[in-house]
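Here the sequence shown is numbered in my numbering, starting from 583 and rising by one per residue. Even for Gly, the Cβ is constructed at its ideal location relative to N, Cα and C.
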Amino acid sequence: MASNVVKHKAIPLEVREIVTTIEKAGFQAYLVGGCVRDFFLGRIPKDWDITSNAKPEDIQGLFIKTVYENVYGTVAIINEVTEDPTLKNVEVTPYRLESAYSDRRHPDKVTFSNDIKDDLQRRDFTINAIAINLSGEAIKDIIDLYGGIGDIKDKILKTVGKPDDRFTEDALRMMRAIRLSVELGFTIEKETLASIQKQSGLIKDISMERIRDEFTKILMSPQPKRGIELLHETGLLKHIVPELEVGIGVTQNQAHAFDVWEHLLRSLQTAADKNWGLDIRLIALFHDIAKPKTKGFSHETKVITFYGHEVVGSRETRKILERMKFSRIIIEKVVKLVRWHMFFSDTEQISLSAVRRMIVNVGKENIWDLMNVRICDRIGTGRPKEDPYRLRKYHAMIEEAIRDPISVGMLKIDGKDLMEMIHVKPGPRIGNILHALFNEVLDKPELNTTDYLQKRAIELNELGDNELQILGEAGKEKKEDVEEEKVKEIRKKHKVV
Ligand code: ATP
Ligand code: MG
């Protein structure tokens, strides 16, 4: 065991205090796993994990608020005062040994151990199998039995022990290898990679929920394109989303430099480069999924066609996402935007009324994302960026279509109130009174109070039909002027005409 005393600032006081508390009670406590790896990489960990020779009951006795979590004996120490999400629950898990994995998913039984070496040996990759022991402000001890620190320096992902054994024990580790390699930008070591290639079929035994979680992390990494390529090259993808591989070698017309597969991966990568969310990444990945099925040729125009691919594609996308057990919310949004992804491509068709109809189709809340999908799609074809003027024009049109029109509905009084309060009979006078009031409110918004409007309505009601009509018409004209002004402002803001 190395006995370096490394000073550190990166490990939060709260975590160090937990370690100290466990040690004062006479037990060992080490930080281990992802947080140690991230610490050496200078990255902020997602969570802090501690491993100890104390039993779960011992740990529970040492802290005020704990939750005993699972069959592995993990106890979560709850911190209710911290603002930092990584400190809200710090997990302490007993050292443990793992027996055989006859189902390739779960160890047959979990045995607690007294030796940290056992615990490090059961971990998946060398970079995840480093333990550090803290003493106050300093790192007192680093246990790195498998050369994890060296592999972190060399950016190499390598199993603890023989890869064939480790992937047979738990086949999800194959996806974890790819996920970690694209998250961290590490290379998968040769023997580890060859082993995944050899045993990729074992992934079939893993539950869809676990596969989905790793798949999601691959998509959310900075290099999802590389991640999907690795899934394909290792043979894993055909057990997860075989529908994607059908696009390999499916060529397209002149506008596209790439086959369907490459285009989808580039679209996905664009979404990642823009830091967009899982929904957009899934839409980018699946938007042309049905192109292979719908490919045709028009003898008239001599071009390759994919008629209806967005309709067939949205159905196929639904099947894939349901099979992968994605949430209802994600499925509905992704399917909807795959269905309508062609909208912003057909530049001739885009008019203000078309944008309005599209907002009805995808919902106000999704229209900007539809634009984002369009950006992924376009950059994914390898063509240069959209003409900036045209992009600004689309933005202006969406804003124009999406905003609430100005109307007498904004008044703090309505036709029904008028009829009840000042006994105006149904007829054109009501509309004229409302528009006359609206005229005043457009000039002076502070007049829009029930009190004032009631009082003023009574006065207006004294006027003759003709006089009232003139005031009403003036209100309608003012409304149109203000509308026009708003539209001008939007266009000016986006520098379009
Ligand atoms: P993340 O940053 O995503 O949290 P992580 O490495 O911390 O990455 P976790 O799933 O939180 O991943 O797992 C914590 C630790 O538990 C890992 O670092 C690894 O040591 C061990 N581990 C997790 N899953 C496995 C597995 N399937 N087989 C063996 N060890 C595993
Ligand atoms: Mg973790």
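Cut-off 8 Å between Cβ atoms - residues of its own chain near residue i, not counting five sequence neighbours on either side
{"i": "R678", "result": "Y654, G655, V692, T693, F694, S695, D700, D701 and R704"}
{"i": "R758", "result": "D706, F707 and E796"}
{"i": "L669", "result": "P594, E596, V597, W630 and N661"}
{"i": "E1065", "result": "P987 and I988"}
{"i": "R900", "result": "I913 and V917"}
{"i": "V832", "result": "D841, V842, W843, K873, P874 and K877"}
{"i": "V894", "result": "A872, K875 and T876"}
{"i": "I793", "result": "L754, M757, I785, I822 and M906"}
{"i": "A837", "result": "T963 and R965"}
{"i": "D690", "result": "S681, A682, Y683 and S684"}
Distance cut-off 8 Å: residue i Cβ against heavy atoms of ligand 1
{"i": "R704", "result": "yes"}
{"i": "L762", "result": "yes"}
{"i": "P737", "result": "Rather than Pro, the amino acid found at residue 737 in this sequence is Lys. No, since every heavy atom of ligand 1 falls outside the 8 Å radius drawn around the Cβ of K737."}
{"i": "K691", "result": "no"}
{"i": "D658", "result": "Here residue 658 turns out to be Ala, not Asp, going by the sequence shown. No; taking the cut-off as 8 Å, the Cβ of A658 has no heavy atom of ligand 1 nearer than that."}
{"i": "D726", "result": "no"}
{"i": "K799", "result": "yes"}
{"i": "N710", "result": "yes"}
{"i": "F879", "result": "no"}
{"i": "L818", "result": "no"}
{"i": "R678", "result": "no"}
{"i": "F1020", "result": "no"}
{"i": "F707", "result": "yes"}
{"i": "D752", "result": "yes"}
Whether residue i touches residue j by CB criterion (9 Å)
{"i": "V657", "j": "I641", "result": "yes"}
{"i": "I698", "j": "L754", "result": "no"}
{"i": "P806", "j": "L775", "result": "no"}
{"i": "I600", "j": "A592", "result": "no"}
{"i": "K875", "j": "E898", "result": "yes"}
{"i": "L644", "j": "L716", "result": "no"}
{"i": "S782", "j": "H821", "result": "yes"}
{"i": "L1016", "j": "G964", "result": "no"}
{"i": "A854", "j": "L801", "result": "yes"}
{"i": "K994", "j": "L1035", "result": "yes"}
{"i": "L1042", "j": "L1019", "result": "yes"}
{"i": "I632", "j": "V672", "result": "yes"}
{"i": "R910", "j": "E892", "result": "no"}
{"i": "V742", "j": "A711", "result": "yes"}
{"i": "I725", "j": "A713", "result": "yes"}
{"i": "E765", "j": "K799", "result": "yes"}
Close beta carbons around residue i, own chain, < 7 Å, minus the five adjacent residues each side
{"i": "K1060", "result": "N1021 and L1024"}
{"i": "I734", "result": "R619, F622, L623 and I709"}
{"i": "K1077", "result": "R974"}
{"i": "T887", "result": "G878, F879 and S880"}
{"i": "F925", "result": "M940 and L952"}
{"i": "W858", "result": "N954"}
{"i": "F768", "result": "K737, I738, L739 and L762"}
{"i": "E981", "result": "I1072"}
Closer than 8 Å: residue i CB and nearest ligand 2 heavy atom
{"i": "G615", "result": "yes"}
{"i": "K628", "result": "yes"}
{"i": "D795", "result": "no"}
{"i": "D861", "result": "no"}
{"i": "D666", "result": "no"}
{"i": "D701", "result": "no"}
{"i": "D631", "result": "yes"}
Own chain, CB closer than 6 Å to residue i, minus 5 neighbours either side, in chain order
{"i": "K744", "result": "none"}
{"i": "I1012", "result": "G997, L1000 and V1006"}
{"i": "K1058", "result": "H1017"}
{"i": "V990", "result": "L1016 and F1020"}
{"i": "I949", "result": "I941 and I980"}
{"i": "Y728", "result": "T708, A711 and V742"}
Cβ neighbour criterion (16 or more within 10 Å) applied to residue i
{"i": "K907", "result": "exposed"}
{"i": "P970", "result": "exposed"}
{"i": "A584", "result": "Any answer about A584 is weak, because its pLDDT of 45 lies below 50 and its placement is not dependable; what the coordinates show is given next. Exposed."}
{"i": "N586", "result": "Low confidence applies here, because N586 scores a pLDDT of 46, under 50, leaving its location unreliable; read the following figure in that light. By the 10 Å Cβ count, N586 comes out exposed."}
{"i": "M979", "result": "buried"}
{"i": "P627", "result": "buried"}
{"i": "F779", "result": "For the sequence presented, residue 779 should be read as Gln rather than Phe. With fewer than 16 other Cβ atoms within 10 Å, it is exposed."}
{"i": "H923", "result": "buried"}
{"i": "G890", "result": "exposed"}
Any chain D beta carbon closer than 9 Å to residue i
{"i": "Y976", "result": "The displayed structure is made up of one protein chain only, and chain D is not part of it."}
Any contact between the segment 811 to 821 and the segment 927 to 937? By contact I mean 3 or more CB pairs, one from each, below 8 Å. no
At least 3 beta-carbon pairs within less than 8 Å: the segment 864 to 884 vs the segment 907 to 922: yes
Segment contact flag, the segment 599 to 607 with the segment 630 to 641, C-beta cutoff 8 Å, min 3 pairs: Using a C-beta cut-off of 8 Å, the segment 599 to 607 makes contact with the segment 630 to 641, since at least three inter-stretch Cβ pairs fall below that distance.
Please confirm if the segment 825 to 832 is in contact with the segment 866 to 883, defined as three or more CB-CB distances below 8 Å between the two stretches. yes
With a cut-off of 8 Å, do at least 3 Cβ pairs link the segment 843 to 860 to the segment 960 to 973? yes
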